[in-house]
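First up is the structure itself, then whatever we jot down about it.
In my numbering, the protein residues as written are 27 to 412.
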């Protein structure tokens, strides 16, 4: 089901002031977005006034604001503006606009450039840099639990969670759900649990191996309603074929829906080399972030195996942020083949229909060549199509 959103427009500072007054007084419901147009430009107000305005906007929107009219040719001024907005609870890692967690009352600090400017490459937060260039912030649980297939979901499971952005961003919208996160990285676990979660939301972060079936039994024991499991596109590719097969097997025995994010459909030979992911604020600060093929990492067309790393570089040198050794590109067709061996029903998320569609149905209008794809697998007996 397509998700409706509301947008309010402010064409001048006076119109923005009037709009924020109506929303904060309760005379007007919070919109999803506020669009700033024309003379209503945050880059033309002094930093103190901008901070006050951003505080008020944060409290008056569900998702964020849109302001494509803010431009500056001076790198230093442009960076100062970006940092001033990012530190006040909005990020622009999405094409949708400057976003916050859905209706979050907490002002998150998304300015990962500040620590870099203070301490150089050693001060760059690897997790924050990763989120800005490789995170999937355009999708949360909302997109999937609104579908016909997953509308009864009440538990979100995030295996190989890392910083658990999927669960954390989703819980503000669905605080009544249960959230179960699993990862081997203790530092990531500490980072996630230190974040400001809604106090009444039930969450569990398990420091465990997702290939251990007893872990999934533990997940099942705390599940309420149906359960949806999500693994991002960078994570499950770290498994060998046997490990991935086992994961799909044990997970689908304990959760209702097991979902994997996959990259755009492309031959593995096209995925090697160096991919510059640097964002504008990185360039303005004198920083570059790239996916770099390791010396022995050329993609193997027979096994889909490759070796690379996410690296940061500036005039002082370089730093490896995350390494991806023995990374295999598990394409959609490979995943479907594994699912058929396991007698699983296989679906993909159709970005235009906003529904999960069986891989057995018409596929010519799907966008797996241009966009990331969410593949979903289940053992559930499903009703025949209408």
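Note that the Cβ used here is the ideal one computed from N, Cα and C, for glycine as well.
Here the structure is a predicted model, which means the values were calculated and not measured.
Expected contact under 8 Å - CB spacing of residue i and residue j to nearest Å
i	j	result
residue 310	residue 101	4 Å
residue 159	residue 53	40 Å between Cβ atoms; not a contact.
residue 282	residue 312	Contact flag wrong, Cβ pair sits at about 48 Å.
residue 123	residue 170	Contact doesn't hold; Cβ gap of about 21 Å is too wide.
residue 188	residue 211	6 Å
residue 221	residue 194	6 Å
residue 233	residue 206	With 8 Å as the limit, residue 233 and residue 206 do not qualify as a contact, their Cβ atoms being about 12 Å apart.
residue 29	residue 168	6 Å
residue 70	residue 35	Actually they do not touch by this definition, with Cβ atoms about 18 Å apart.
Residue i and residue j closer than 8 Å at C-beta
i	j	result
residue 446	residue 276	A query on residue 446 cannot be resolved here, the shown segment of the chain reaching from 27 to 412 and no further.
residue 111	residue 80	yes
residue 145	residue 89	no
residue 63	residue 95	yes
residue 288	residue 405	no
residue 135	residue 113	yes
residue 343	residue 147	yes
residue 236	residue 273	yes
residue 314	residue 299	no
residue 243	residue 280	yes
residue 332	residue 385	no
residue 361	residue 286	yes
residue 364	residue 271	yes
Cα-Cα separation between residue i and residue j, rounded to whole angstroms
i	j	result
residue 175	residue 401	13 Å
residue 109	residue 215	27 Å
residue 82	residue 201	23 Å
residue 190	residue 43	36 Å
residue 38	residue 55	20 Å
residue 72	residue 250	49 Å
residue 227	residue 403	27 Å
residue 336	residue 375	28 Å
residue 494	residue 323	Not covered by the structure: residue 494. The range shown for the chain is 27 to 412.
residue 346	residue 260	16 Å
residue 372	residue 119	30 Å
residue 297	residue 355	9 Å
residue 151	residue 161	14 Å
residue 46	residue 106	25 Å
residue 248	residue 254	13 Å
residue 407	residue 252	14 Å
residue 284	residue 330	23 Å
residue 307	residue 154	13 Å
residue 224	residue 328	47 Å
residue 156	residue 303	10 Å
residue 117	residue 192	15 Å
residue 185	residue 258	9 Å
residue 31	residue 40	24 Å
residue 58	residue 76	20 Å
residue 269	residue 133	39 Å
residue 381	residue 166	14 Å
residue 321	residue 301	15 Å
residue 164	residue 177	19 Å
residue 383	residue 399	12 Å
residue 217	residue 267	30 Å
residue 65	residue 317	39 Å
Exposure label - residue i; buried when at least 16 CB within 10 Å
i	result
residue 378	exposed
residue 352	exposed
residue 349	exposed
residue 208	buried
residue 93	buried
residue 357	buried
residue 149	exposed
residue 103	exposed
residue 196	buried
residue 139	buried
residue 367	exposed
residue 74	exposed
residue 204	buried
residue 387	exposed
residue 137	buried
residue 265	buried
residue 325	buried
Proximity test, residue i beta-carbon vs the ligand ATP heavy atom, cut-off 7 Å
i	result
residue 205	The ligand ATP is absent from the structure shown, which contains no ligand whatsoever.
**Request:** Decide if the stretch 38 to 50 is in contact with the stretch 84 to 98; the criterion is three or more beta carbon pairs, one per stretch, under 8 Å apart.
**Result:** Yes: at least three Cβ pairs fall under 8 Å.
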